[in-house]
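Okay, so here's the structure we're looking at.
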Amino acid sequence: MFNNYKLNTYVMRALIYLILAILVIITITPIWLLIVNATRSTVQIQQGIAIIPSTHALENYNILLGRGLNLIQGFTNSLFLAVASTLVTVYFSMLTAYGLVVYHFKGRVAFNNFIVVLVMIPTQLSIIGFYQYMSKLGLTDNYAALILPLIANASAVFFGRQYFESMVMYDLIDAARIDGASELGIFHKIMMPLAVPGAVTMGIFAFVSSWNNFFTPFIMISSKEKYTLPMLVQTLRGDVYRTEYGSIYLGLAFTVVPIIIIYAIFSRYIVSGIALGAVKE
Amino acid sequence: MNLANLKRNYYGYLFLAPFVIAFLIFGLYPIYNTVALSFTDTTIMSKTSHFVGFKNFERLFADDIFMTAVKNTWLIWILNFIPQLGIAMLLSIWFTNSRLNIKGVGIWRTIFYLPNLLVPAAVAALFFSLFSYYGPVNQFVVRAGFIPEALQFLQDATIVRVLVVFIQWWMWFGQTIIILMAGMTSIPIPLYEAAMVDGATSSQMFNRITLPLLKPILIYVFVTSLVGGMQMFDIPYLLTDGRGSPRSSILTNNILMYLKFSSSKGHIGAASSVGVLIFVMTSLCALAIFYFLRDRDQQSQ
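Keeping their order, the protein sequence lines are chains U and E. Sequential numbering from 1 applies to the first sequence in the numbering used here. Sequential numbering from 1001 applies to the second sequence in the numbering used here.
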């Protein structure tokens, strides 16, 4: 009977590895095809599927450039927007989260609940009113309209609060107070350096969500030289590029590969960060 | 608590001030403005606008296209959420089972999560290219002899819907695994050991220990997925022509709102009413999830 039990476990384990392998193939194949096709010429792509990259990436890039689609500019725009969004999100969300954890002021519990409600509010409820209001202020087609709202980033504050709550820090704060440090000084000079791992995780998520955002810039930004990469992807779907398969794949790879590189470097932060938002310590 | 501490707590307001100010300007006022606009006939071009009461909403309910959008959004969300939760649950159970002792859990998870980080707009455009008439999928199935000639995948209402469901599943099952696993590993192991001593089977342990203790996590997964699913835009917008073609099969709420917004006159009043309705619908369902899952928990105690 024991042997039977052991055998079952072996069969089960083999089956599980098989399923996992199939899921990995499903996960990777579309991404791999994208990267490979970005380096192949349109003629090669029409001839069939390949799994080894070719040498036509630069050629594909020049075709796009020749038709007025500047990937480098889109990349620079996306990068600027993502970096600015990250800095604003991390600084202000950590500030708010720290204030919520450390100070026991009146209305703190209500504010905590309020943050959770804000996380749940969909973009649709505010986007049209936001657009009209920004156009009155003359801020449409301006990156400020995409960056400034992040000072009040509810999901980042939620994350930061979970992070600060898991840190033991009251003794340290009291010691700094005795040494005469100001409250803001304690946050800037002592707590922020200690909270770097949390800030990095928060920053990666802020960066990725800005980099990936299509809907809001699509509504707010109108001039072509301010287009971000996801907006250029939308123009790639146009008729001008219809038969330039290699170039289309290259344009898509341009938007996707930077994120894959970031993930390769920071995957541990990212994977542990997802759970921190969901599981209460 | 002494007086100095009490006074010091006022600093809390200082730390929260930037958030509150930015929220009032960029969060609350736009919400108020959207709700106000939804009761008017405002267009982008017009200088004047009139209060029209519930007319925008009445018109939406009378219009088949709104009902189609609501139906599509729900259908696509449910069809992707069930396999997403099911597969994630199964894999999480396998990954956390010490008897099975699956190797490389960290690596599997890291790979499965990858699609979630990719630019959704690019993912939609990628699947458009892969499934287009001259695309690799047609090349593969024709040459392998599965079908005699290439298919127009993206002109078939059912196939397009299945594709959106698949892409959503592909992008989100990895994230659900990570969250469920975090929940499962936070359940104290002695609970399982005690159950095993009492001779419980693994399905009994799952039903009586894992599932009840996982409830808060399940509510979280459920509600965040719902809120996200009701806002679906990038994938269905960029997979076909941006109007939910063919035959409006992937026209979602958000695409409808965008179509009203970007119509020749720019009916932002009507677009706002779509946004408001989606919000009301989503919140009611989220509250229902909270209510039903909480209620049962109390009864069992």
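All C-beta atoms, glycine included, are put in the ideal place defined by N, C-alpha and C.
Quiz item: Any idea if G198(U) is buried or exposed, counting beta-carbon neighbours within 10 angstroms, 16 or more meaning buried?
Solution: By one-based count along the first sequence, residue 198(U) stands at place 198. Looking at its Cβ environment, which holds 16 or more other Cβ atoms inside 10 Å, G198(U) is buried.
Quiz item: Just checking, does the segment 225 to 233 of chain U make contact with the segment 14 to 28 of chain U on the three C-beta pairs under 8 angstroms criterion?
Solution: no
Quiz item: Closest by CA to M220(U), which one among M134(U), A82(U) and M167(U)?
Solution: The residue you call residue 220(U) lines up with position 220 of the first sequence. The residue with the shortest Cα to Cα distance from M220(U) is M134(U).
Self-check item: Cβ of Y263(U) within 7 angstroms of any chain E Cβ
Solution: As a position in the first sequence, residue 263(U) is number 263, starting the count at 1. It does: the Cβ of Y263(U) has a partner Cβ on chain E nearer than 7 angstroms.
Exercise. Tell me, please, whether the CB atom of I1082(E) is closer than 7 angstroms to any CB atom in chain U?
Key: Residue mapping note: residue 1082(E) aligns to position 82 of the second sequence, counting from 1. Taking Cβ atoms only, chain U never reaches closer than 7 angstroms to I1082(E), which makes this a no.
Quiz prompt | is_contact[N112(U), chain E] using C-beta, thresh 7 angstroms | solution = Locating residue 112(U) in the first sequence gives position 112, counting from the first residue. Not an interface residue.
Self-check item: CB-CB length for F288(U) against F254(U), believed under 8 angstroms
Solution: Since the first residue of chain U shown is 1 and the last is 281, residue 288(U) is not available in this structure.
Self-check item: Where S1272(E) meets chain U, residues with beta-carbon distance less than 7 angstroms
Solution: Position 272 of the second sequence, counted from the start, is the residue given in the question as residue 1272(E). Those are I128 and G129, listed as they occur along chain U.
Quiz item: If P30(U) sits next to L146(U), beta carbons under 8 angstroms apart, how far is it from one beta carbon to the other, in whole angstroms?
Solution: On the first sequence, position 30 is the one that residue 30(U) refers to. On the first sequence, position 146 is the one that residue 146(U) refers to. 29 angstroms between Cβ atoms; not a contact.
Self-check item: Length of the line joining the Cα atoms of F1026(E) and Q234(U)
Solution: Position 26 of the second sequence, counting from 1, holds the residue named residue 1026(E). Position 234 of the first sequence, counting from 1, holds the residue named residue 234(U). Computed Cα separation, rounded: 27 angstroms.
Exercise. Verify whether the separation of the beta carbon atoms of S1249(E) and V1160(E) is less than 7 angstroms.
Key: Here residue 1249(E) corresponds to residue number 249 of the second sequence, with the count starting at 1. Here residue 1160(E) corresponds to residue number 160 of the second sequence, with the count starting at 1. Cβ atoms of S1249(E) and V1160(E): closer than 7 angstroms.
Quiz item: From V1280(E), M1045(E) and Y1113(E), pick the residue whose C-alpha is nearest to that of Q124(U); which is it?
Solution: On the first sequence, position 124 is the one that residue 124(U) refers to. Minimum Cα distance to Q124(U) is reached at V1280(E).
Self-check item: Contact set between the segment 1094 to 1123 of chain E and chain U, restricted to residues whose Cβ is under 7 angstroms from the partner
Solution: W1094, R1099, L1100, I1102, W1108, R1109, T1110, I1111, F1112, Y1113, L1114, P1115, L1117, L1118, V1119, P1120, A1121 and A1122
Quiz item: Over what stretch of residues does the alpha helix (DSSP H) that includes Y103(U) continue unbroken?
Solution: As a first step, residue 103(U) must be located in the first sequence, where it is residue number 103. Where Y103(U) is concerned, there is no enclosing alpha helix (DSSP H), given that its DSSP letter is neither H nor E.
Quiz item: Count the other CB atoms within 10 Å of the CB of R268(U); is the residue buried (16 or more) or exposed (fewer)?
Solution: In the first sequence, the residue the question calls residue 268(U) occupies position 268. R268(U) is exposed by the Cβ-count criterion.
Quiz item: F1051(E) bridges to which residues according to DSSP?
Solution: Within the second sequence, numbered from 1, the residue matching residue 1051(E) stands at position 51. Looking at the DSSP assignment, F1051(E) forms a beta bridge with T1040(E).
Quiz item: In chain U, what lies closer than 8 angstroms to I1178(E) by C-beta?
Solution: Residue numbering aside, residue 1178(E) sits at position 178 when the second sequence is read from its first letter. Within chain U, the residues near I1178(E) are V271, I274 and A275.
Practice problem: Mind checking which residues open and close the alpha helix (DSSP H) that includes L1024(E)? | Solution: The sequence position of residue 1024(E) within the second sequence is 24, counting from 1. Premise fails: L1024(E) is in no alpha helix (DSSP H) and is neither H nor E.
Quiz item: In whole angstroms, what is the alpha-carbon distance linking Q1301(E) and G1244(E)?
Solution: The count along the second sequence starts at 1 and reaches residue 1301(E) at position 301. The count along the second sequence starts at 1 and reaches residue 1244(E) at position 244. The pLDDT assigned to Q1301(E) is 38, lower than 50, so where the model puts this residue is not dependable; a value taken from the coordinates is nonetheless given after this. Taking the straight line joining both Cα atoms gives about 47 angstroms.
Quiz item: Got a sec: is the Cβ-Cβ distance from T1034(E) to anything in chain U below 7 angstroms?
Solution: Here residue 1034(E) refers to the residue found at position 34 when the second sequence is read from its first residue. Yes, T1034(E) counts as interfacial toward chain U.
Exercise. Determine, using beta carbons only, whether V1227(E) comes closer than 7 angstroms to chain U.
Key: In the second sequence, counting from the first residue as 1, residue 1227(E) sits at position 227. With 7 angstroms as the cut-off, V1227(E) counts as an interface residue toward chain U.
Exercise. Kindly indicate which three-state DSSP category P1148(E) falls into: helix, strand or coil?
Key: Mapped onto the second sequence, residue 1148(E) falls at position 148. Three-state DSSP puts P1148(E) in coil, outside helix and strand.
Quiz prompt | I1111(E) versus T27(U) - alpha carbon distance | solution = The sequence position of residue 1111(E) within the second sequence is 111, counting from 1. The sequence position of residue 27(U) within the first sequence is 27, counting from 1. Roughly 7 angstroms between the two C-alpha positions.
Practice problem: Output the distance between the C-alpha atoms of T1096(E) and T1185(E), rounded to the nearest integer angstrom. | Solution: Along the second sequence, one-based indexing puts residue 1096(E) at 96. Along the second sequence, one-based indexing puts residue 1185(E) at 185. Their backbone Cα atoms lie some 7 angstroms apart in a straight line.
Practice problem: Look at the alpha carbon of Y163(U) and the alpha carbon of L194(U), and state the distance between them as a whole number of angstroms. | Solution: Stepping through the first sequence from its first residue, residue 163(U) is reached at position 163. Stepping through the first sequence from its first residue, residue 194(U) is reached at position 194. Their Cα atoms are separated by approximately 11 angstroms.
Quiz item: Interface residues of chain E around M12(U) at Cβ under 7 angstroms?
Solution: As a working mapping, residue 12(U) is identified with position 12 in the first sequence. The answer, in chain order, is L1100.
Quiz item: What separation, rounded to the nearest whole angstrom, lies between the Cα atoms of A176(U) and L250(U)?
Solution: By 1-based counting over the first sequence, the position of residue 176(U) is 176. By 1-based counting over the first sequence, the position of residue 250(U) is 250. Each residue's alpha carbon lies about 53 angstroms from the other.
Quiz item: From this set, L1028(E), G1135(E) and N1033(E), which residue's C-alpha is nearest L33(U)'s C-alpha?
Solution: As a first step, residue 33(U) must be located in the first sequence, where it is residue number 33. The shortest Cα separation from L33(U) among L1028(E), G1135(E) and N1033(E) belongs to G1135(E).
Practice problem: Answer yes if the segment 1247 to 1264 of chain E comes into contact with the segment 1064 to 1076 of chain E, meaning at least three C-beta pairs across the two stretches below 8 angstroms, and no otherwise. | Solution: yes
Quiz item: Taking only beta-carbon atoms, is G1012(E) less than 7 angstroms away from chain U?
Solution: For the purposes of this step, residue 1012(E) is identified with residue 12 of the second sequence, where counting begins at 1. Interface residue, yes.
Practice problem: Any chance you could list the beta strand (DSSP E) runs of at least 3 consecutive residues sitting entirely within the segment 114 to 153 of chain U, in chain order? | Solution: none
Quiz item: Beta-carbon separation of F1131(E) and L1117(E) under 7 angstroms?
Solution: In the second sequence, counting from the first residue as 1, residue 1131(E) sits at position 131. In the second sequence, counting from the first residue as 1, residue 1117(E) sits at position 117. Contact flag unset, no.
Exercise. Quick one: residues in its chain with C-beta nearer than 7 angstroms to the C-beta of V1164(E), no 5 flanking neighbours on either side, listed in chain order?
Key: As a first step, residue 1164(E) must be located in the second sequence, where it is residue number 164. Counting only Cβ-Cβ distances below 7 angstroms, and skipping sequence neighbours, we find I1076, I1235, P1236, L1239 and I1250.
Quiz item: With a Cβ-Cβ cutoff of 7 angstroms, do V157(U) and A97(U) count as a contact?
Solution: Here residue 157(U) is taken as the residue at index 157 of the first sequence, counted from 1. Here residue 97(U) is taken as the residue at index 97 of the first sequence, counted from 1. Contact: yes.
Practice problem: Look up Y227(U) in the DSSP assignment and say whether it is helix, strand or coil. | Solution: Position 227 of the first sequence holds residue 227(U). Three-state result, Y227(U): coil.
Quiz prompt | Cβ separation of V256(U) and A1122(E), assumed to be a contact under 8 angstroms, to the nearest whole Å | solution = Here residue 256(U) is taken as the residue at index 256 of the first sequence, counted from 1. Here residue 1122(E) is taken as the residue at index 122 of the second sequence, counted from 1. The pair is a contact, with the Cβ atoms about 5 angstroms apart (cut-off 8 angstroms).
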